[in-house]
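Trainee: In my numbering, the protein residues as written are 9 to 271.
Where a beta carbon is used, it is the ideal one built from N, C-alpha and C, also for glycine.
Predicted model, so just to flag it, every value in this text is computed and none were measured.
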């Protein structure tokens, strides 16, 4: 009886954390979508395009809304494997939707072409899929799946830094926009690098909870904190100055179309 009460208390704490994250993501989504909207429209008109800042706001708001929905469902107890091993699988659904959108934000900001962006998104979805296969307690070959996921992660980091830093360091790129791109790149690289470490900690919990390095609730807290930084902090940095979203990188096609139309 005592162990079941303790288990219920742990689950209640994890659900409370999920509800808290859902509230943070929901409030952030509303801020991203409506903050300084008039200023954004003025900037759009000034730079000769009606989509430049709006597309970033929509994508970033959708990221936060999807995260809010998934965390809200987790707070209600949905997305948890039944049985002895405690595993929140719904977070992988969240990541499979939000991380490609986040990479799309980065690609649009840096002016990557369609095929580079497509390669990033495909690699990202495969990384999440193999990560899920490695984390799911009912699947075998945890570490081989994790290894493939890490290889894809390294590929994504290479594509991000090789492609985006090339554009950011271009002499024609505005200094302010170069700084924002680099901030977002490093934030993404550092934050995403935390997830494999949490994965390893989670496996120690799933394999032997009594001898685990951290508790199950700590794993939930770590994932939640990483998600907030990777999505909410990212969004506030990205949307901090709407005018920077219009300063074209060398290959940014939509801004170039707007500039050509003005001319």
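CB-CB under 6 Å to residue 95, same chain, minus the five flanking residues each way: which ones, in chain order?
Mentor: Here residue 95 corresponds to residue number 87 of the chain shown, with the count starting at 1. Closer than 6 Å at the Cβ level, and outside the excluded window around residue 95, lie 89 and 145.
Trainee: CB residue 73 to CB residue 98, shorter than 9 Å?
Mentor: In the chain shown, the residue the question calls residue 73 occupies position 65. In the chain shown, the residue the question calls residue 98 occupies position 90. Not in contact: residue 73 and residue 98 (Cβ atoms no closer than 9 Å).
Trainee: Between the Cα of residue 155 and the Cα atoms of 18, 136 and 169, which residue gives the shortest distance?
Mentor: On the chain shown, position 147 is the one that residue 155 refers to. The option with the nearest alpha carbon to residue 155 is 136.
Trainee: Going by the DSSP bridge assignment, what does residue 88 pair with across the sheet?
Mentor: Counted from its first residue, the chain shown places residue 88 at position 80. According to DSSP, residue 88 bridges with 96.
Trainee: Under 8 Å: do the stretch 67-81 and the stretch 108-116 share three or more Cβ pairs, one atom per stretch?
Mentor: yes
Trainee: What is the rounded straight-line gap between the Cα of residue 23 and the Cα of residue 248?
Mentor: Position 15 of the chain shown, counted from the start, is the residue given in the question as residue 23. Position 240 of the chain shown, counted from the start, is the residue given in the question as residue 248. Taking the straight line joining both Cα atoms gives about 31 Å.
Trainee: Can you give me the Cβ contacts of residue 188 inside the same chain, cut-off strictly under 8 Å, excluding the 5 residues immediately before and after it?
Mentor: Locating residue 188 in the chain shown gives position 180, counting from the first residue. Same-chain partners within the cutoff: 117, 245, 246, 248, 249 and 252.
Trainee: Could you check which residue in 28, 63 and 26 has the C-alpha nearest to that of residue 41?
Mentor: As a position in the chain shown, residue 41 is number 33, starting the count at 1. Cα-wise, what sits closest to residue 41 is 63.
Trainee: Are the Cβ atoms of residue 229 and residue 101 separated by less than 9 Å?
Mentor: Taking the first residue of the chain shown as 1, we reach residue 229 at position 221. Taking the first residue of the chain shown as 1, we reach residue 101 at position 93. Between residue 229 and residue 101, the gap from beta carbon to beta carbon reaches 9 Å or more.
Trainee: Using DSSP with H/G/I as helix, E/B as strand and the rest coil, what is residue 32?
Mentor: Residue 32 sits at position 24 when you count from the first residue of the chain shown. Residue 32 falls in the helix class under three-state DSSP.
Trainee: Give me the Cβ distance between residue 224 and residue 13, rounded to the nearest whole Å; I'm assuming they're in contact under 8 Å.
Mentor: Looking up residue 224 in the chain shown gives position 216. Looking up residue 13 in the chain shown gives position 5. Actually they do not touch by this definition, with Cβ atoms about 15 Å apart.
Trainee: Do you know offhand how far residue 29's Cα is from residue 243's?
Mentor: Within the chain shown, the letter at position 21 stands for residue 29. Within the chain shown, the letter at position 235 stands for residue 243. Taking the straight line joining both Cα atoms gives about 15 Å.
Trainee: So what's residue 161 in DSSP terms, helix, strand or just coil?
Mentor: Taking the chain shown and counting its residues from 1, one reaches residue 161 at position 153. The answer is helix: DSSP assigns residue 161 an H, G or I state.
Trainee: With the cut-off set at 9 Å, would you say residue 236 and residue 32 are in Cβ contact?
Mentor: Looking up residue 236 in the chain shown gives position 228. Looking up residue 32 in the chain shown gives position 24. Between residue 236 and residue 32, the C-beta gap is smaller than 9 Å, which places the two residues in contact.
Trainee: Just verifying my parser: in three-state terms, what is the DSSP assignment at residue 154?
Mentor: As a position in the chain shown, residue 154 is number 146, starting the count at 1. In this structure, residue 154 counts as helix in the three-state DSSP scheme.
Trainee: Distance, Cα to Cα, residue 129 vs residue 234?
Mentor: As a working mapping, residue 129 is identified with position 121 in the chain shown. As a working mapping, residue 234 is identified with position 226 in the chain shown. Roughly 20 Å separates the two Cα atoms.
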